[in-house]
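> Numbering (the working numbering), first residue to last: 4 to 218.
Every residue gets a Cβ at the ideal spot worked out from N, C-alpha and C, and that includes glycine.
Just so it is clear, the structure is predicted and the values come from calculations on it, not from any experiment.
Starting off with a structure, shown below.
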């Protein structure tokens, strides 16, 4: 489902933003989004496939349109999930601050933004472009695996970015042994990826011959 910020906003909404290359999207991404939606009472979760991430070589990832369409196929059965083209339609490197600003432009209507990302990324937030503005515009949901120490996380956060501590909530998700890299490697080896990603995504990968060679 396509999310258009100018038409979907109406009144006070709690919106989760989940960025990623989604190359391909898998069940771990979907479980994370659903856990965040439920635990933080989000109205919607918007998946934002990256265009050209500043930290990755453009040639090392699949074409943006493939990643957008796979993500759309993966979320189509959940009415609370949307996909945005905001980053893949931009030329050149894309930055989180620009995406968050795009969705925050209707702040006068009471929209509350939650940015969903991993604990490792949160601890590096001070290296992100205009991170102080990010802290002002949204609350962060730091995704962790079972057994991750909340106390240790906040200690590390205090050292790396003290101003962020009251803007971060920890979300523990079920441990799932799946990653986009794992899926790509299995496809390259001719192995099944059934149940690792939604069936429509699996069929899309087969139809378009994606990931047949190892990266």
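Leaving out five residues on either side along the sequence, give the residues of the same chain with a beta carbon under 7 Å from the beta carbon of residue 207.
One-based indexing of the chain shown puts residue 207 at position 204. The answer, listed in chain order, is 72, 73 and 76.
> Going by C-alpha to C-alpha distance, which of 154, 89, 175 and 88 sits closest to residue 144?
The residue given as residue 144 occupies position 141 in the chain shown. The shortest Cα separation from residue 144 among 154, 89, 175 and 88 belongs to 175.
> Scan the region 86 to 151 and note each continuous alpha helix (DSSP H) run of 4 residues or more that stays entirely inside, going in chain order.
With a minimum length of 4 residues, the continuous alpha helix (DSSP H) runs that stay inside the region 86 to 151 are 99 to 107, 122 to 125 and 134 to 140.
> Under 8 Å Cβ to Cβ from residue 99, same chain only, skipping five residues before and after it: list those, please.
The residue given as residue 99 occupies position 96 in the chain shown. So the qualifying residues of the chain are 22, 118, 131, 132 and 137.
> Would you call residue 90 buried or exposed, if buried means 16 or more other Cβ atoms sit within 10 Å of its Cβ?
Looking up residue 90 in the chain shown gives position 87. With 16 or more Cβ atoms within 10 Å of its Cβ, residue 90 is classed as buried.
> Throw me the rounded Cβ distance for the residue 170 and residue 142 pair, which I believe falls under 8 Å.
Residue 170 sits at position 167 when you count from the first residue of the chain shown. Residue 142 sits at position 139 when you count from the first residue of the chain shown. Yes, they are in contact, since the Cβ atoms of residue 170 and residue 142 sit about 6 Å apart, within 8 Å.
> Runs of 4 residues minimum, wholly inside the region 30 to 87: which ones carry the alpha helix (DSSP H) assignment?
Qualifying alpha helix (DSSP H) stretches, in chain order: 30 to 42 and 67 to 78.
> Nearest to residue 172 by CA position, among 67, 184 and 156, is which residue?
Along the chain shown, read from residue 1 onward, the residue named residue 172 stands at position 169. Considering only alpha carbons, the answer is 156.
> Have a look at residue 52 and residue 211 and give me their C-alpha separation to the nearest angstrom.
The residue labelled residue 52 in the question sits at position 49 within the chain shown. The residue labelled residue 211 in the question sits at position 208 within the chain shown. Those two C-alpha atoms are separated by around 19 Å.
> Residue 26: buried (16+ other C-beta within 10 angstroms of its C-beta) or exposed?
The count along the chain shown starts at 1 and reaches residue 26 at position 23. Burial call: buried.
> Just the C-alpha distance for residue 108 and residue 217, rounded to the nearest angstrom, thanks.
Along the chain shown, read from residue 1 onward, the residue named residue 108 stands at position 105. Along the chain shown, read from residue 1 onward, the residue named residue 217 stands at position 214. If I take the Cα positions, the gap works out to 41 Å.
> Assuming the contact rule is C-beta atoms closer than 8 Å, residue 113 and residue 15 should be a hit. Round their C-beta distance to whole Å, please.
Translated into positions along the chain shown, residue 113 becomes position 110. Translated into positions along the chain shown, residue 15 becomes position 12. With a Cβ gap of about 4 Å, residue 113 and residue 15 count as contacting.
> State the start and end residues of the unbroken beta strand (DSSP E) segment that holds residue 18.
In the chain shown, residue 18 corresponds to position 15, counting from 1. Residues 17 to 23.
> Since residue 18 and residue 49 should fall inside the 8 Å C-beta cutoff, what is the C-beta to C-beta distance between them, to a whole number of angstroms?
As a first step, residue 18 must be located in the chain shown, where it is residue number 15. As a first step, residue 49 must be located in the chain shown, where it is residue number 46. That belief holds up - the Cβ atoms of residue 18 and residue 49 are roughly 6 Å apart, short of 8 Å.
> Can you give me the C-alpha to C-alpha distance between residue 134 and residue 55, rounded to a whole angstrom?
Here residue 134 refers to the residue found at position 131 of the chain shown. Here residue 55 refers to the residue found at position 52 of the chain shown. Answer to the nearest angstrom: the Cα atoms are 19 Å apart.
> Can you tell me whether residue 67 is buried or exposed, with buried defined as 16 or more other CB within 10 angstroms of its CB?
Position 64 of the chain shown, counted from the first residue, corresponds to residue 67. Buried, since its Cβ has 16 or more Cβ neighbours within 10 Å.
> Could you check if residue 80 is buried or exposed, using at least 16 other CB atoms within 10 Å of its CB as the buried criterion?
Against the chain shown, residue 80 aligns to sequence position 77. By the 10 Å Cβ count, residue 80 comes out exposed.
> Which whole-angstrom value describes the C-beta separation of residue 78 and residue 177, a residue pair presumed to lie in contact below a C-beta threshold of 8 Å?
The count along the chain shown starts at 1 and reaches residue 78 at position 75. The count along the chain shown starts at 1 and reaches residue 177 at position 174. Actually they are not in contact, since the Cβ atoms of residue 78 and residue 177 sit about 19 Å apart, beyond 8 Å.
> Could you tell me the boundaries of the beta strand (DSSP E) in which residue 171 lies?
Taking the chain shown and counting its residues from 1, the one referred to as residue 171 is at position 168. Per DSSP, residue 171 belongs to the beta strand (DSSP E) from 171 to 175.
> In the structure shown, what three-state DSSP assignment does residue 187 receive?
Reading the chain shown from its first residue, position 184 is the one you call residue 187. Three-state result, residue 187: helix.
> From the DSSP output, which residues share a beta bridge with residue 197?
As a working note, residue 197 is residue 194 in the chain shown. Note: residue 197 sits in a beta bridge opposite 200.
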